[in-house]
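Down below is the structure, laid out as structure tokens.
Residue numbers (our numbering): 1 to 260.
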């Protein structure tokens with residue numbers, strides 16, 4: 001019988017940029033060996049689940065299958081229907097691949113677009129923002145993979161997808177539908193992968209990771225290795241059940257909680 005589930009964020013929890021957080025790989029292996037169903041859930045839209053799994057193994061030595069990875073790109077694609085095709089994309093390979101898997105075509109023509117899907121685009125330029133806003137003003141459905149203002153790197157916080165979404169929203173005079181944490185689309189994608197038992201959601205950001213857990217009724221674990229440096233910064237309504245310095249402490253904490 002499984003002891004439950006662990007839904008684990010990646011950026012700021014397992015790694016920061018290309019630097020693994022010490023002990024993270026060992027922690028993931030220990031959690032999986034203890035029988036927990038482990039789902040890796042990220043608002044980072046840039047990579048496919050296969051690429052995320054490969055990167056995770058390369059950085060930490062922990063190997064998982066792509067089916068255990070949920071990205072905000074997958075969540076965004078799940079929101080669209082054939083009526084939303086073709087889509088104008090401001091994003092990277094993860095978004096394009098997820099849309100393709102969902103049967104949504106991609107177009108470079110803002111006048112033909114029935115939807116606009118925006119994620120992190122690290123080489124975004126003015127024409128892309130202009131064309132996305134044009135499509136939205138003409139009636140295209142506006143979907144954001146996530147609205148994270150920043151994401152952590154070894155050199156500190158840098159602009160995230162939310163910064164790009166905000167530019168397009170301002171120019172278009174419209175607010176997006178949001179797919180990623182803590183919103184319903186990614187919550188549904190994660191829930192479909194869970195088994196029986198208590199679910200623990202682990203993350204470094206209150207407004208996404210802890211809010212997701214609050215919405216779903218899961219236990220909340222805050223790690224202080226990424227965006228949030230102190231539990232004092234967390235709103236009272238999202239107060240974590242556990243506060244850990246890093247993911248390396250989670251196996252022992254779960255064992256203590258379960259009385260093992």
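The C-beta atom is built at its ideal place from N, Cα and C for all residues, glycine as well.
By the C-beta density criterion, residue 124 is buried, having at least 16 other C-beta atoms within 10 angstroms. Judged by DSSP secondary structure, residue 221 falls within the beta strand (DSSP E) whose first and last residues are 219-223. If one requires a minimum length of 3 residues, the beta strand (DSSP E) runs lying completely within the stretch 173-246 are 198-203, 219-223 and 242-244, in chain order.
Under the three-state reduction of DSSP output, residue 144 falls in the strand class. By the neighbour-count criterion, in which a residue is buried when 16 or more other Cβ atoms sit within 10 angstroms of its Cβ, residue 158 is exposed. In this structure, DSSP gives residue 15 an extended state, which the three-state scheme calls strand. In the structure shown, residue 75 falls within a helical segment according to DSSP collapsed to helix, strand and coil.
The three-state secondary structure of residue 49, taken from DSSP, is helix. In the DSSP assignment, residue 130 falls outside any beta strand (DSSP E) and within the unbroken alpha helix (DSSP H) covering 126-137. In the DSSP assignment, residue 96 falls within the unbroken alpha helix (DSSP H) covering 93-101. In this structure, DSSP gives residue 156 an extended state, which the three-state scheme calls strand. If you draw a 10 Å sphere on the C-beta of residue 19, you find fewer than 16 other C-beta atoms in it, and that means exposed.
Taking a 10 Å sphere around the C-beta of residue 126, we find fewer than 16 other C-beta atoms and assign the residue as exposed. DSSP places residue 112 outside both helix and strand once states are collapsed to three, so it counts as coil. Note that the C-beta distance between residue 12 and residue 225 is below 8 Å.
Put simply, of 200, 154 and 137 the residue whose alpha carbon is nearest the alpha carbon of residue 172 is 137. Between residue 194 and residue 37, the C-beta spacing is below 8 Å. In the structure shown, the three-state DSSP call for residue 42 is strand. By the CB criterion at 8 Å, residue 253 and residue 240 fall outside the cutoff.
DSSP places residue 25 in the uninterrupted alpha helix (DSSP H) bounded by 24-33. With a beta-carbon spacing of about 6 Å, residue 71 and residue 94 fall inside the 8 Å limit used to define contacts. DSSP places residue 87 inside the beta strand (DSSP E), whose first and last residues are 87-90. Note: residue 37 is bridge-paired with 5 in the DSSP secondary-structure output.
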